[in-house]
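Undergrad: Shown below is the structure under consideration.
Residue numbers (the numbering used here): 58 to 334.
Here it is as structure tokens:
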């Protein structure tokens, strides 16, 4: 599955009727961490633009670098991120556990360890780990947003949304936070509010295609599939766009599950009404 597909589903609908993988903790958000440079092998393109073959190749190369130096924090974090993108959450957690033991005071390592714990379903442990990575005098909005994403997966929507708003106080109009906040409302079936936040996120100059894929999903859930397809095809290669659209169609074809979710938000004219930017 292309990385664009993985990130498309990263931050959507955990705990909702359909069984989808949520938590991008991507960008603790609807965004995946970009690879960093240094002692790790260089990549020919951003990971979110790789197809499944390229992801496997990059993972193999990072795995070899990790085996040579399992204590290196940059290599370990990047390798674990790629493992998660390949759906190997248990292995990613094991890698980050070892890297965290070797680098107990490294803030970036603790944050990545928390993400790996959350991806493996260890939500309370993830909250604790990310909390240890935070510094009260210099709070990191990415970590605060990550806490929100974890709380959403725990079914604590109110607490999650407060964390997103706390993050927005530090980083106003950050598209990844706005996208997380929008997807939080998807989890509780409030699709119109979700679309409002996601349109705001997509309208920010720094928004990337992953934010727009989440917007496409929410628009499609409201029955406006032609518009959803148009959004999903923006700024992607034809191959990636076709894959995303096919996946979107597949998700929306789960009528029994999605109709129950969408019915919570159903009001006259909602499907074809105006959109708030």
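Just so you know, even glycine gets a beta-carbon here, dropped at the ideal spot from N, CA and C.
1. Pick from 255, 140, 216 and 199: whose alpha carbon is nearest that of residue 177?
2. Please indicate yes or no: does the CB of residue 246 lie closer than 7 Å to some heavy atom of the ligand GDP?
3. Excluding the five sequence neighbours on either side, which residues of its own chain have a C-beta within less than 7 Å of the C-beta of residue 163, listed in chain order?
4. Round the Cβ separation of residue 303 and residue 290 to the nearest angstrom and send it over; I've been treating them as touching at under 8 Å.
5. Which of the three DSSP states, helix, strand or coil, is assigned to residue 223?
6. Cα separation between residue 150 and residue 159?
7. Indicate whether residue 277 and residue 305 have their beta-carbon atoms separated by less than 8 Å.
8. State the DSSP-derived secondary structure class of residue 264, mapped to helix, strand or coil.
9. What is the DSSP secondary structure of residue 139, reduced to helix, strand or coil?
10. Return helix, strand or coil for residue 215, following the three-state DSSP convention.
11. Beta carbon of residue 214, beta carbon of residue 184: below 8 Å?
12. Under a Cβ-count criterion, where at least 16 other Cβ atoms within 10 Å of its own Cβ denotes burial, should residue 232 be classed as buried or exposed?
13. How many Å lie between residue 193 and residue 224 at the Cα?
TA: Looking at the coordinates:
1. The shortest Cα separation from residue 177 among 255, 140, 216 and 199 belongs to 140.
2. Only the bare structure without any ligand can be found here, which leaves the ligand GDP out of the picture.
3. Contacts found: 130.
4. Not a contact, Cβ separation roughly 12 Å.
5. Annotated three-state conformation of residue 223 is helix, per DSSP.
6. Approximately 14 Å between the Cα atoms of the pair.
7. Contact flag set, yes.
8. The three-state reading of DSSP puts residue 264 in coil, since its state is none of H, G, I, E or B.
9. Correct three-state label for residue 139: helix.
10. DSSP places residue 215 in helix when its eight states are reduced to three.
11. Not a contact, by the Cβ cut-off of 8 Å.
12. Counting Cβ neighbours within 10 Å, residue 232 comes out buried, since at least 16 surround it.
13. Here the alpha carbons of residue 224 and residue 193 stand approximately 13 Å from one another.
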